[in-house]
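*Asks:* Per this note's numbering, the sequence shown starts with residue 11, numbered consecutively.
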Amino acid sequence: MKQDIIKFDENIFQIDVFMENKPGRMSCYYIDSTNPILIEVGPSKSFPTLYQASNL
11 MKQDIIKFDE NIFQIDVFME NKPGRMSCYY IDSTNPILIE VGPSKSFPTL YQASNL
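(1) For I47, which residues of its own chain have a beta-carbon under 6 Å away from its beta-carbon, when the five flanking residues on both sides are left out?
(2) In whole angstroms, what separates the C-alpha of G52 from that of S43?
(3) For L60, which residues in the same chain have their Cβ closer than 7 Å to its Cβ, ignoring the five residues on either side in sequence?
(4) In the DSSP assignment, find the alpha helix (DSSP H) that holds F57 and state where it starts and stops.
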């Protein structure tokens, strides 16, 4: 599965979820902090890509 993670700042990451298997169509955002935040705006089909990128 493809992964494309861009680090914007020390603790802010953009994760491309390859909507419809196409890059650059939709991204989620992860903020690494004491209380981590995941901003997920896509359909449930993006979850496998997001899950893999999170290394959970």
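Where is the CB? At the ideal position from N, CA and C, for every residue including glycine.
*Replies:* By the coordinates alone:
(1) I41
(2) 22 Å
(3) I25, V27, C38, E50
(4) 57-64
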